[in-house]
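Residue numbering for the sequence shown follows the working numbering, starting at 228 and increasing by one per position. Below: the structure, in structure tokens.
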Amino acid sequence: MRKPLTEPRALASGTANPPRPRQSEPTRDGGPLLRRGGTLATLPRLAAAALLLSISASAEILDRIAVSVGNTVITRDEVRREVRLTAFLNDEPSGASSQEMRKAAERLVEQLLVRKELELAHYPSPGTVEIEPLMKGLDLTKLAAHGLTAEDLRAHFTWQVQLLRFVDFRFRPGVQVSNAEIQEYFDKRVLASKPGADLEGSRSAIETALTEEQVDKQLDAWLRETRARSRIEFRDEAFK
């Protein structure tokens, strides 16, 4: 709202006709101006109140942030849920120590980096048929005791399947295991625990084990490089 060009002038003493009360003062464009004793005086108070509410809301949101990864945030609630999920799947008591919270946050950072890659590459999402079998064999009645729901668990397994797909598509095709590596693995690891074992009978299992090791190394290297390129900030107070 525009301000008046000048304040209303007081009438000189001795004026014959007293001024009539005005309903409004004119603005430059001829529209009415709110009076100082009414809404105009209230506007600064409303603006101040709105500013305080905005600051309070921003502080509350900031307080809930545990980690920021670029323009994306991971909240304390998400970290705590990750801690509870891990405890449930390991059949352990659900706790939330600072150390457990930090480890959970590290896992969520890695998840977020992989999820961004999945979105960029348009990896397909797993369907219900793939997820539901993973739910079987678990005592879902214990979920509530860990502060979890079936949907929390379903989302976790969905992520696990997505991660396996990412690894299979991104890293596994480039892995090659040589005969020399198989022989070395057999001599140093298999014979040490199973003297008299046969190389050919162990070849398939050895090749699978070596493939998984190389895939894990490539995934770890990719995560290190991706983290180095990302702006990641942990809020230490969120883990206290």
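Each residue gets a CB set at the ideal place from its N, CA and C atoms; glycine is no exception.
Query, Result
"Taking the straight line between their C-alpha atoms, what separation do you get for L446 and F398?", "7 angstroms"
"Which same chain residues end up closer than 7 angstroms to L390 when comparing Cβ atoms and leaving out the 5 residues on each side of it in sequence?", "V341"
"Which complete alpha helix (DSSP H) runs does the region 292-357 hold, if anything under 4 residues is left out?", "303-316, 325-348"
"My understanding is that A314 touches T302, with C-beta atoms under 8 angstroms, so please give their C-beta distance in whole angstroms.", "No, A314 and T302 are not in contact; Cβ-Cβ is about 19 angstroms, not under 8 angstroms."
"R255: buried (16+ other C-beta within 10 angstroms of its C-beta) or exposed?", "Annotation note: pLDDT 44 at R255 (below 50); position unreliable, coordinate value reported separately. Under this definition R255 is an exposed residue."
"What residues match up with G461 in a beta bridge as DSSP calls it?", "Per the sequence shown, the amino acid found at residue 461 is Phe instead of Gly. Paired residues: V294."
"Between the C-alpha atoms of Y412 and K444, what's the straight-line distance to the nearest angstrom?", "17 angstroms"
"Taking the Cβ atom as the reference point for each residue, do E327 and V310 lie within a distance shorter than 8 angstroms?", "yes"
"What do you get for A332, buried or exposed, if any count of 16 or more other CB atoms within 10 angstroms of its CB means buried?", "buried"
"For the alpha helix (DSSP H) containing H383, list its first residue and its last residue.", "377-397"
"Closest to V404 by C-alpha separation, out of A432, F396, R329, would be which residue?", "A432"
"How long is the line joining the alpha carbons of H349 and T385, rounded to whole angstroms?", "15 angstroms"
"Below 8 angstroms on the Cβ atoms is my contact criterion, and I expect L437 with I459 to pass it. Report the Cβ-Cβ distance as a whole number of Å.", "Contact flag wrong, Cβ pair sits at about 32 angstroms."
"Is it buried or exposed, F396, if we count other Cβ atoms within 10 angstroms and call 16 or more buried?", "exposed"
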